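In the numbering used here, the protein residues as written are 277 to 446. We put the beta carbon where it would ideally sit given N, CA and C, even for glycine. Note that the structure is predicted; figures quoted are calculated from it, not measured.
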Amino acid sequence: MGTHGPFLYRVDENLVVEAMRRHMIRRMTSGLIGKLIVAVLVLLVLLIVLDLVAYGRLSGIALVFVMAVPAILAINHIWLVPNLGRRQHRQSAALRLPSHIAWDAEGVLFTSERGEARVPFADFYRWDETPGTVLLYQTEMFFNLVPKAALEGEAPDLIARLQAAGVKRN
Numbered sequence: 277m278g279t280h281g282p283f284l285y286r287v288d289e290n291l292v293v294e295a296m297r298r299h300m301i302r303r304m305t306s307g308l309i310g311k312l313i314v315a316v317l318v319l320l321v322l323l324i325v326l327d328l329v330a331y332g333r334l335s336g337i338a339l340v341f342v343m344a345v346p347a348i349l350a351i352n353h354i355w356l357v358p359n360l361g362r363r364q365h366r367q368s369a370a371l372r373l374p375s376h377i378a379w380d381a382e383g384v385l386f387t388s389e390r391g392e393a394r395v396p397f398a399d400f401y402r403w404d405e406t407p408g409t410v411l412l413y414q415t416e417m418f419f420n421l422v423p424k425a426a427l428e429g430e431a432p433d434l435i436a437r438l439q440a441a442g443v444k445r446n
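Structure, rendered in structure tokens:
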């Protein structure tokens, strides 16, 4: 079961956007933000039902909400989140540098020209994945982004070790 890696990787803008979309969807569907979104949707349905029962049609305000809520969510997913991801990629020189990842039975080692960090598996807050990336969360908002292609088919081993250490999927 020795060491896996080191695997060289470079994070491009598209991977940051992909990871950001996944992160934001998770943030919007869990915790307090998720509960607030569910509450808004329940209130929207209630408003529609009350309008239909009381007036037999949708009122102007209900119609505005019926159109606005999905539009806001779509704009967020299609425009805002990708722009935030691209901006984050541009702003972070460390994110654009070539890096290495390796892991063994104890944890993960990240290295780049700026230094190295060893993180025991049990210290990760959560993990997640997209079709192209593995996200290793150190806090609920900070994650290391690793392209799956760079892991040469070893992503399942990395994920299995995280799960064995009790790290839950985000």
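Contact annotation, Trp379 with Leu385: C-beta distance approximately 7 Å; criterion of less than 8 Å satisfied. Residue burial is scored here from C-beta neighbours: Ser306 has fewer than 16 other C-beta atoms within 10 angstroms and is therefore classed as exposed.
Arg362 carries a helical assignment under DSSP once its states are collapsed to helix, strand and coil. The residue among His299, Gly442, His376, Met304 with its C-alpha nearest the C-alpha of Glu428 is His376. Of the candidates Ala370, Ile354, Ile348, Leu371, the residue whose Cα lies closest to the Cα of Val316 is Ile348.
CA-CA distance, Thr415 to Val443, rounds to 12 Å.
Here the region 281–299 lies against the region 352–372, with 3 or more beta-carbon pairs under 8 Å apart. DSSP lists Tyr285, Ser388 as the bridge partner or partners of Ser375.
Pairing Gly361 with Ile309, the inter-Cα distance amounts to about 20 Å. The alpha helix (DSSP H) runs of length 4 or more contained entirely in the region 302–346 are, from start to end of the chain, 307–331.
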